[in-house]
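*Asks:*
Numbering (our numbering), first residue to last: 11 to 521.
1) Would you report the Cα separation of residue 48 and residue 209, rounded to the nearest angstrom?
2) Once you ignore the five residues that flank residue 38 on each side, which residues in its own chain have a CB closer than 7 angstroms to its CB?
3) Taking the straight line between their C-alpha atoms, what separation do you get for residue 327 and residue 500?
4) Within 7 angstroms: the Cβ of residue 205 and any heavy atom of the ligand ADP?
5) Does DSSP put residue 507 in a helix, a strand or coil?
6) How would you call residue 488, buried or exposed, if buried means at least 16 neighbouring beta carbons within 10 angstroms?
7) Quick check on the burial criterion: 16 or more other C-beta atoms within 10 angstroms. Buried or exposed for residue 368?
8) Looking only at DSSP bridge pairs, what is residue 245 linked to?
9) How is the beta strand (DSSP E) around residue 314 delimited, first residue to last?
10) Could you tell me which residues DSSP puts in a beta bridge with residue 434?
11) Near residue 67, what residues of its chain come up, given a Cβ to Cβ distance below 7 angstroms and the 5 sequence neighbours on each side ignored?
12) Any idea which residues DSSP pairs residue 377 with across the strands?
13) When you compare the CB positions of residue 198 and residue 260, do they come within less than 8 angstroms of one another, or not?
14) Can you give me the Cβ contacts of residue 469 inside the same chain, cut-off strictly under 7 angstroms, excluding the 5 residues immediately before and after it?
15) Along the chain, where does the alpha helix (DSSP H) containing residue 441 start, and where does it finish?
16) If contacts are defined as beta-carbon pairs under 8 angstroms, then residue 98 and residue 82 qualify, I think. What distance do you get, rounded to the angstrom?
17) Would you report the Cα separation of residue 514 and residue 387, rounded to the nearest angstrom?
18) Of all the options 382, 377 and 296, which has the alpha carbon lying nearest to the alpha carbon of residue 352?
19) Label residue 146 either buried or exposed according to how many other C-beta atoms from any shown protein chain fall within 10 Å of its C-beta, with 16 as the threshold for buried.
20) Contact check, residue 86 vs residue 93 under 8 angstroms by CB: the rounded distance?
21) Alpha carbons only, please: which of 192, 385 and 290 is nearest the one belonging to residue 207?
22) Please classify residue 192 as buried or exposed, where buried requires at least 16 neighbouring CB atoms within 10 angstroms.
23) Taking 8 angstroms as the threshold, find out whether the segment 355-363 comes into contact with the segment 446-454 through three or more Cβ pairs.
24) Counting pairs of beta carbons, one from the segment 136-156 and one from the segment 170-177, are three or more of them closer than 8 angstroms?
25) Determine the extent of the beta strand (DSSP E) in which residue 471 is found, giving its start and end residues.
26) Within the segment 166-215, note down every full beta strand (DSSP E) run reaching 3 residues or more, in order along the chain.
27) Can you tell me where the alpha helix (DSSP H) holding residue 286 begins and where it ends?
28) So, helix, strand or coil for residue 326, using DSSP?
29) If distances are taken between C-alpha atoms only, which option among 140, 103 and 116 comes closest to residue 149?
30) Less than 8 angstroms between the beta carbons of residue 227 and residue 214, yes or no?
31) State buried or exposed for residue 458, treating a residue as buried only when at least 16 other CB atoms are found within 10 Å of its CB.
32) Contact check, residue 379 vs residue 462 under 8 angstroms by CB: the rounded distance?
33) Cβ atoms of residue 105 and residue 73: under 8 angstroms apart, would you say?
34) The alpha helix (DSSP H) with residue 88 in it runs from where to where?
35) Is it the case that the segment 285-300 contacts the segment 231-243, given that we only count it when at least three CB pairs across the two stretches are under 8 angstroms?
36) So what's residue 414 in DSSP terms, helix, strand or just coil?
Here is the structure:
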């Protein structure tokens with residue numbers, strides 16, 4: 011906890027109601043009688059064995075680790091022709107430690123259904139597990155007294171992250187396809203039809219990859235017959251036993267702010283006693299799970315939120331990473347930039363580079379660099395096109411923007427137009443990963459919450475880039491940017507960069 015107890019935010023979690031059973035006031039509260047709820051609930055449900063999907067995922071992960079070991083051995087031998095024996099040792103040490111890798115994946119909760127499908131969070135955990143797995147290979151080799159090359163371990167770690175991430179992406183596509191057809195989903199009843207409960211239900215409807223199917227609400231406040239379009243009110247919390255009897259495989263999600271704490275306490279205890287899946291919400295949103303810890307404070311479970319750390323060695327490491335990778339990327343991209351510059355000059359009049367003022371860290375303005383993809387009088391033409399804006403908020407987006415040149419369409423779709431921003435990274439104006447660079451007129455309308463985006467450097471890529479690019483709404487832009495600002499880590503940056511490659515190659519959301 012960093013030893014800074016005073017800087018932690020502690021909130022009474024949704025689980026707070028579980029502590030009221032021993033409280034005299036709770037017994038006097040108007041709650042669902044134990045005999046009514048307990049007697050009406052279905053018998054205790056047996057714990058289900060691991061699903062076939064999880065078993066297949068374990069097998070796929072094991073295969074990905076073995077392939078990573080094989081690829082690392084081949085690459086090591088090509089890198090160092092005298093490392094034939096060391097490369098074989100690397101492969102067999104990796105194969106021998108596959109059970110350890112699977113255990114590490116499990117410890118990172120990569121088989122927890124809450125994290126399967128959450129790209130950034132999942133890659134973050136894959137990176138952590140792969141680094142620890144590589145360390146286990148080194149330990150195993152040391153115990154067996156066999157020779158390994160340090161360069162081989164580095165290659166193995168990179169191969170493991172790559173192969174497991176690709177395997178998980180393939181699995182995600184399969185799971186999403188299955189969930190879209192109604193398979194691999196958990197039916198849930200939302201207790202509480204207040205704004206929080208409605209938001210939860212609406213999110214689960216929209217984000218089907220989470221694998222939940224909301225079958226209805228129970229609510230004691232007299233909510234509308236259909237609190238969320240397509241999701242009906244099934245009764246009150248007192249009716250929950252009969253609702254569950256009709257849906258025996260359903261779980262319950264309790265919106266903490268929408269149900270009386272004493273009702274939640276008794277209801278949750280009886281449901282859990284019968285093996286029924288129960289989740290209790292908190293009022294917190296968009297905070298990474300790594301920053302949350304549930305700890306008891308007397309009778310009350312408390313959600314502790316780790317403080318945001320953006321300075322110190324982390325900031326230095328991020329800058330060193332930006333400078334190193336940015337410089338190398340600029341060198342590698344130089345031939346592409348040269349070809350693109352020639353194409354731009356041949357295609358239309360005007361300069362090769364486009365400069366525009368953006369707002370950087372701590373509200374410091376800077377000139378962002380891009381390859382010009384529009385006609386030179388694009389800003390003047392914007393006045394005539396403003397009514398055709400397809401985006402919400404202060405952003406302007408058109409799928410078929412007439413101001414974009416022929417070459418411009420290609421370099422935008424492939425993000426080649428953004429390569430000059432590598433110079434902004436080297437200069438220190440931007441980072442490789444960060445929030446979307448904001449225009450000055452946008453920041454003038456920001457409230458104190460949105461202004462938090464300016465506490466870090468803007469990035470060439472970010473969570474907005476790997477979650478739809480131009481297809482992302484302004485509200486989602488800001489939510490994703492704020493999530494990044496609040497939960498930034500070096501492994502998050504690496505995860506976003508890994509996810510950026512397929513997003514660009516597949517042209518997801520590119521206009």
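Beta carbons: idealized from backbone N, C-alpha and C, even for Gly.
*Replies:* Reading off the structure:
1) Sequence index remark: in the chain shown, residue 48 carries index 38 (1-based). Sequence index remark: in the chain shown, residue 209 carries index 199 (1-based). Bear in mind that the predicted position of residue 48 carries a pLDDT of just 44, short of 50, making it unreliable; the figure below should be weighed with that in mind. When rounded, the distance between both Cα atoms is 29 angstroms.
2) What you label residue 38 is simply residue 28 of the chain shown in a count that begins at 1. Legend: pLDDT at residue 38 = 35, less than 50; position of this residue unreliable, value from coordinates given subsequently. Within the same chain, residue 38 has no close Cβ partners at all.
3) Walking along the chain shown from the start, residue 327 turns up at place 317. Walking along the chain shown from the start, residue 500 turns up at place 490. In a straight line, the C-alpha of residue 327 is about 8 angstroms away from that of residue 500.
4) The ligand content of the structure shown is nil, which means the ligand ADP is not present either.
5) Within the chain shown, the letter at position 497 stands for residue 507. DSSP places residue 507 in helix when its eight states are reduced to three.
6) Your numbering for residue 488 matches position 478 in the chain shown. Flag for residue 488 reads buried.
7) Against the chain shown, residue 368 aligns to sequence position 358. Looking at its Cβ environment, which holds 16 or more other Cβ atoms inside 10 Å, residue 368 is buried.
8) One-based indexing of the chain shown puts residue 245 at position 235. Residue 245 pairs with 228.
9) Position 304 of the chain shown, counted from the start, is the residue given in the question as residue 314. 310-315 is the span of the beta strand (DSSP E), which, as asked, contains residue 314.
10) By one-based count along the chain shown, residue 434 stands at place 424. Residue 434 is not bridged to any residue.
11) Mapped onto the chain shown, residue 67 falls at position 57. Answer for residue 67: 121 and 181, listed in chain order.
12) Locating residue 377 in the chain shown gives position 367, where the first residue counts as 1. Residue 377 is bridged to 367.
13) The residue you call residue 198 lines up with position 188 of the chain shown. The residue you call residue 260 lines up with position 250 of the chain shown. Cβ atoms of residue 198 and residue 260: closer than 8 angstroms.
14) Taking the first residue of the chain shown as 1, we reach residue 469 at position 459. Only 440, 441, 442, 443, 444 and 445 meet the Cβ criterion.
15) Reading the chain shown from its first residue, position 431 is the one you call residue 441. Unbroken run through residue 441 is the beta strand (DSSP E), 441-443; no alpha helix (DSSP H).
16) As a first step, residue 98 must be located in the chain shown, where it is residue number 88. As a first step, residue 82 must be located in the chain shown, where it is residue number 72. Contact doesn't hold; Cβ gap of about 11 angstroms is too wide.
17) Counted from its first residue, the chain shown places residue 514 at position 504. Counted from its first residue, the chain shown places residue 387 at position 377. Going from the Cα of residue 514 to the Cα of residue 387 covers about 28 angstroms.
18) Translated into the one-based positions of the chain shown, residue 352 becomes position 342. Considering only alpha carbons, the answer is 382.
19) By one-based count along the chain shown, residue 146 stands at place 136. So residue 146 counts as buried.
20) If you number the chain shown from 1, residue 86 lands on position 76. If you number the chain shown from 1, residue 93 lands on position 83. Going by Cβ atoms, the distance from residue 86 to residue 93 rounds to 5 angstroms, so yes, they are a contact pair.
21) By one-based count along the chain shown, residue 207 stands at place 197. The shortest C-alpha separation from residue 207 is found at 290.
22) As a working mapping, residue 192 is identified with position 182 in the chain shown. Exposed, because fewer than 16 other Cβ atoms sit within 10 Å of the Cβ of residue 192.
23) no
24) yes
25) Looking up residue 471 in the chain shown gives position 461. First-last of the beta strand (DSSP E) with residue 471: 469-471.
26) 196-201
27) Position 276 of the chain shown, counted from the first residue, corresponds to residue 286. Premise fails: residue 286 is in no alpha helix (DSSP H) and is neither H nor E.
28) Working through the chain shown from its first residue, we reach residue 326 at position 316. Helix, per DSSP.
29) Along the chain shown, read from residue 1 onward, the residue named residue 149 stands at position 139. The residue with the shortest Cα to Cα distance from residue 149 is 103.
30) For the purposes of this step, residue 227 is identified with residue 217 of the chain shown, where counting begins at 1. For the purposes of this step, residue 214 is identified with residue 204 of the chain shown, where counting begins at 1. In this structure, residue 214 does not lie closer than 8 angstroms to residue 227 by Cβ.
31) For the purposes of this step, residue 458 is identified with residue 448 of the chain shown, where counting begins at 1. Residue 458 comes out exposed.
32) The residue labelled residue 379 in the question sits at position 369 within the chain shown. The residue labelled residue 462 in the question sits at position 452 within the chain shown. The pair is not a contact, with the Cβ atoms about 26 angstroms apart (cut-off 8 angstroms).
33) Stepping through the chain shown from its first residue, residue 73 is reached at position 63. Stepping through the chain shown from its first residue, residue 105 is reached at position 95. Contact flag unset, no.
34) Mapped onto the chain shown, residue 88 falls at position 78. Where residue 88 is concerned, the enclosing alpha helix (DSSP H) stretches over 62-89.
35) no
36) As a working note, residue 414 is residue 404 in the chain shown. Looking at residue 414 - three-state DSSP - the assignment turns out to be strand.
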